[in-house]
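Notes follow the structure.
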């Protein structure tokens, strides 16, 4: 699996390359600016791009805008955006086109390299990877929602993991329950929230995120 | 102040009540009050003259400070009345200064009288108190004199003959009082005088007010001095808050991230020591170190958010407030009509003010709907934060609103709060600034 990395800090860029290569990724290019990212994705057509939000020359949200532009130029290009902080407003912009293949994670998540590699594979496969912090803030915002209040604690846990973008199998493994139990929980969640059930993991996640982000 | 409005600056509006005649009569009678003030002023000036002429006995000088303070008080009465009665408000020109201090009678005397005597406004007060009794108050009492003369004319038919017979004045204005007819002629003339007196009353009061203003209002220099004093005060506050903020950040770093990094280093070196003989323990220690680094990062994120929120830095106040609204449990509608970004310090002050106000709303107001409107007009950044909660917010209680006011005042900004019991509450802030044109994307 070939990836392009856009990260301006040498230490982090180096660390990311080493880690991804250790997990079997091929790093086609590692650049340090938004413009560099655009050139690299057009040249290498990677399976995914890993982009830091803050890049030179403006050191604001240059990376995010470059990522969105890259998806515009190379339609369907999966991007995983990394940041020192997560903002709902940016998560929404990434999810806005509703096509999946996006990730938005805190840089801390690279500490657990196996999980990070899994998240990147998921994104490259057209899925989503939302940081737990984004999800918990979305849930906190919906604290008064009566339908959400009707979920059992178990269902709530499943909802959180699902919103992060995990598949049923991953949720089952994480919660140490069977996949069938997860499927039961998810269908119950969809009924309680009044959402259209779907077998497609990805569409399901987007529906949940849309519900929370209303 | 419960449920009221706070705003800086105040204005005096003359109250309107009663009929035209009643109002004017009252106005002319007020002229007499000014005459009374003028007499008191004359008394004070005379007293000062005595004190100075007996200065050779030294002890009378002790009376100087209280007398000068009385001068001030009296001048302030004139200033206030000029605003209320004459429609010419006069600001107080004195420099602010501490009254109390150490030292015995004479040292205190020296300090106080030194301060009073070097205050230019004192001398202008004294000039006014000399001019006013001699000439100024004439302006104030002319209307009532004219009216009185008119009344004298109206009653003339009844009183002219005793006066003339007793060898008194045989003239009323230009009428020679010789018989009943000439006495009766005085009546319409008297009515004319009364009407004239009533008509000129507000005119003369205003002239009087302007005369008082010319001597009692702060001179341009004094006004500048007051402004400078205000500026140094607000600058001192800004410097203080800045220093306190830096201390807080230093403490947070020291007790938080820094301490965690030290602990991490120790955990890692412990892991290194047991790595060979006990790999399991080493693994546990490594996991611990990883968790500590995650915690340190979380703390640093919180700290950065408190210093300068990332979205504010990236996108400016419009998007940053939108992000605030998204994180808020309240239903917040954000309207942003800003075409550019204010200067960074102003933007930051406004952002934290909005953040504080939203926090207040979610804590106290019990609101369902909250709205934030941002726009820029007439060189002012104007932000309204309103809610449909229970209202009755009291700016006097709690330090939150005061803190916002202080922060805004550093940029000559103001905060006005309208919160009648039962709601809605609207907080409006205004900050003078220019907007810079938005950055264009490089892609």
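Residue numbers (this note's numbering), protein chains in the order written: chain E, 981 to 1194; chain C, 3 to 445. All C-beta atoms, glycine included, are put in the ideal place defined by N, C-alpha and C.
Within 8 Å (strictly less), CB to CB, does residue 290 of chain C reach chain E?
-> On the second chain, position 288 is the one that residue 290 of chain C refers to. No, residue 290 of chain C lies away from the interface with chain E (no Cβ there is under 8 Å from its Cβ).
Apply the 10 Å Cβ neighbour rule to residue 1002 of chain E and answer buried if 16 or more other Cβ atoms are within range, or exposed otherwise.
-> Counting from one through the first chain, the residue named residue 1002 of chain E turns up at place 22. Residue environment analysis places residue 1002 of chain E among the exposed positions, since fewer than 16 neighbouring C-beta atoms fall within 10 angstroms of its C-beta.
Grouping DSSP H, G and I as helix and E and B as strand, with all else coil, what is residue 451 of chain C?
-> Look at the range of chain C in this structure, 3 to 445, and you will see that residue 451 of chain C is not part of it.
Are the C-beta of residue 1084 of chain E and some C-beta of chain C separated by less than 8 Å?
-> Taking the first chain and counting its residues from 1, the one referred to as residue 1084 of chain E is at position 104. No, because no Cβ of chain C sits closer than 8 Å to the Cβ of residue 1084 of chain E.
Does the region 279-291 of chain C come close enough to the region 1026-1037 of chain E that 3 or more CB-CB pairs lie under 8 Å?
-> No: fewer than three Cβ pairs fall under 8 Å.
What three-state label does DSSP hand residue 175 of chain C in the structure shown?
-> One-based indexing of the second chain puts residue 175 of chain C at position 173. DSSP places residue 175 of chain C outside both helix and strand once states are collapsed to three, so it counts as coil.
Give the DSSP bridge partners of residue 371 of chain C, in chain order.
-> Residue numbering aside, residue 371 of chain C sits at position 369 when the second chain is read from its first letter. Looking at the DSSP output, residue 371 of chain C bridges to C:333.
How would you list, in chain order, the residues of chain C whose beta-carbon sits under 8 Å from the beta-carbon of residue 1065 of chain E?
-> On the first chain, residue 1065 of chain E is found 85 positions in, with the first residue counted as 1. Contacts between residue 1065 of chain E and chain C, judged by CB atoms closer than 8 Å, involve 303, 306, 307 and 312 in chain order.
Distance between beta carbons of residue 374 of chain C and residue 313 of chain C, contact taken as under 8 Å = To locate residue 313 of chain C, count along the second chain from 1; it is residue 311. To locate residue 374 of chain C, count along the second chain from 1; it is residue 372. Not quite, the Cβ-Cβ distance comes to about 15 Å (not below 8 Å), so this is no contact.
List the residues of chain C that residue 1124 of chain E touches, going by C-beta distances under 8 Å, in chain order.
-> Taking the first residue of the first chain as position 1, residue 1124 of chain E is located at position 144. Simply 331.
To which residues of the same chain is residue 264 of chain C closer than 6 Å at the C-beta, ignoring the five residues directly before and after it?
-> The residue you call residue 264 of chain C lines up with position 262 of the second chain. Here the set comprises nothing.
Which of helix, strand or coil DSSP assigns to residue 9 of chain C | In the second chain, residue 9 of chain C corresponds to position 7, counting from 1. With a pLDDT of 39 at residue 9 of chain C, under the threshold of 50, the predicted position of this residue should be treated as unreliable, and no value is reported.
Contact set between the region 1163-1191 of chain E and chain C, restricted to residues whose Cβ is under 8 Å from the partner = Legend: CB atoms of the region 1163-1191 of chain E lying less than 8 Å from CB atoms of chain C are not found in any residue.
Leaving out five residues on either side along the sequence, give the residues of the same chain with a beta carbon under 8 Å from the beta carbon of residue 16 of chain C.
-> Locating residue 16 of chain C in the second chain gives position 14, where the first residue counts as 1. Per-residue confidence for residue 16 of chain C stands at a pLDDT of 44, beneath the threshold of 50, marking its modelled position as unreliable; no derived number is given.
For residue 1061 of chain E, the residue or residues it bridges with in DSSP | For the purposes of this step, residue 1061 of chain E is taken as the residue at position 81 of the first chain. Partner(s): E:1031 and E:1084.
Quick one: is residue 1103 of chain E buried, meaning 16 or more other Cβ sit within 10 Å of its Cβ, or exposed?
-> Translated into positions along the first chain, residue 1103 of chain E becomes position 123. Buried, because 16 or more other Cβ atoms sit within 10 Å of the Cβ of residue 1103 of chain E.
Are the C-beta atoms of residue 5 of chain C and some chain E residue less than 8 Å apart?
-> Within the second chain, numbered from 1, the residue matching residue 5 of chain C stands at position 3. Since pLDDT at residue 5 of chain C reaches only 38, below the 50 mark, its modelled position is unreliable, and no value is offered.
Give the interface partners of residue 296 of chain C over in chain E, defined as CB-CB distance under 7 Å, in chain order.
-> Position 294 of the second chain holds residue 296 of chain C. Simply 1088 and 1091.
Bridge partners of residue 1042 of chain E, per DSSP?
-> To locate residue 1042 of chain E, count along the first chain from 1; it is residue 62. As computed with DSSP, residue 1042 of chain E is found in no beta bridge at all.
At least one CB of chain C closer than 8 Å to the CB of residue 1068 of chain E: is that the case?
-> Counted from its first residue, the first chain places residue 1068 of chain E at position 88. For residue 1068 of chain E, the answer is yes, since a Cβ of chain C falls inside 8 Å of its Cβ.
Beta carbon of residue 186 of chain C, beta carbon of residue 159 of chain C: below 8 Å?
-> Indexing the second chain from 1 puts residue 186 of chain C at position 184. Indexing the second chain from 1 puts residue 159 of chain C at position 157. The answer is yes: Cβ separation under 8 Å.
Three-state class that DSSP yields for residue 985 of chain E in the structure shown | To locate residue 985 of chain E, count along the first chain from 1; it is residue 5. Here residue 985 of chain E sits in strand by DSSP.
At least one CB of chain C closer than 8 Å to the CB of residue 1117 of chain E: is that the case?
-> Residue 1117 of chain E sits at position 137 when you count from the first residue of the first chain. At least one chain C Cβ lies under 8 Å of residue 1117 of chain E.
Cut-off 7 Å between Cβ atoms - residues of its own chain near residue 1084 of chain E, not counting five sequence neighbours on either side | Position 104 of the first chain, counted from the start, is the residue given in the question as residue 1084 of chain E. Cβ within range, chain order: 1061, 1066, 1070, 1071, 1074, 1110, 1111 and 1114.
Spatial neighbours of residue 130 of chain C in its chain, beta-carbon cut-off 6 Å, leaving aside the 5 residues before and after | Within the second chain, the letter at position 128 stands for residue 130 of chain C. Counting only Cβ-Cβ distances below 6 Å, and skipping sequence neighbours, we find 217 and 218.
Given 8 Å as the limit, is there contact between the region 143-153 of chain C and the region 116-125 of chain C, that is, 3 or more CB pairs closer than that?
-> In the pairwise beta carbon analysis, the region 143-153 of chain C is classified as not touching the region 116-125 of chain C: fewer than three pairs are separated by under 8 Å.
Identify the residues that DSSP records as bridge partners of residue 72 of chain C: which are they?
-> Here residue 72 of chain C is taken as the residue at index 70 of the second chain, counted from 1. Paired residue(s): none; residue 72 of chain C is not in a bridge.
Opposite residue 124 of chain C in the DSSP bridges: which residues?
-> Within the second chain, the letter at position 122 stands for residue 124 of chain C. In DSSP, residue 124 of chain C forms no bridge with anything.
Residue 254 of chain C versus residue 305 of chain C: straight-line alpha-carbon distance, rounded = Walking along the second chain from the start, residue 254 of chain C turns up at place 252. Walking along the second chain from the start, residue 305 of chain C turns up at place 303. Roughly 8 Å separates the two Cα atoms.
Rounded Cβ spacing between residue 999 of chain E and residue 1059 of chain E (contact assumed at less than 8 Å) = If you number the first chain from 1, residue 999 of chain E lands on position 19. If you number the first chain from 1, residue 1059 of chain E lands on position 79. Taking the Cβ atoms as the reference, residue 999 of chain E lies roughly 18 Å from residue 1059 of chain E, outside the contact range of under 8 Å.
Any idea which residues DSSP pairs residue 378 of chain C with across the strands?
-> Taking the first residue of the second chain as 1, we reach residue 378 of chain C at position 376. DSSP output for residue 378 of chain C lists C:383 as bridge partner(s).
Under 7 Å from the C-beta of residue 994 of chain E: neighbouring residues of chain C | As a first step, residue 994 of chain E is located in the first chain; it is residue number 14 there, counting from the start. Taking the beta carbon of residue 994 of chain E as reference, no residue of chain C falls within 7 Å; the closest one sits roughly 18 Å away.
Could you pull out every residue in the same chain whose Cβ sits closer than 6 Å to the Cβ of residue 73 of chain C, ignoring the five residues on either side in sequence?
-> Along the second chain, read from residue 1 onward, the residue named residue 73 of chain C stands at position 71. Contacts found: 46 and 127.
Helix, strand or coil at residue 338 of chain C [DSSP, three-state] | For the purposes of this step, residue 338 of chain C is identified with residue 336 of the second chain, where counting begins at 1. Strand.
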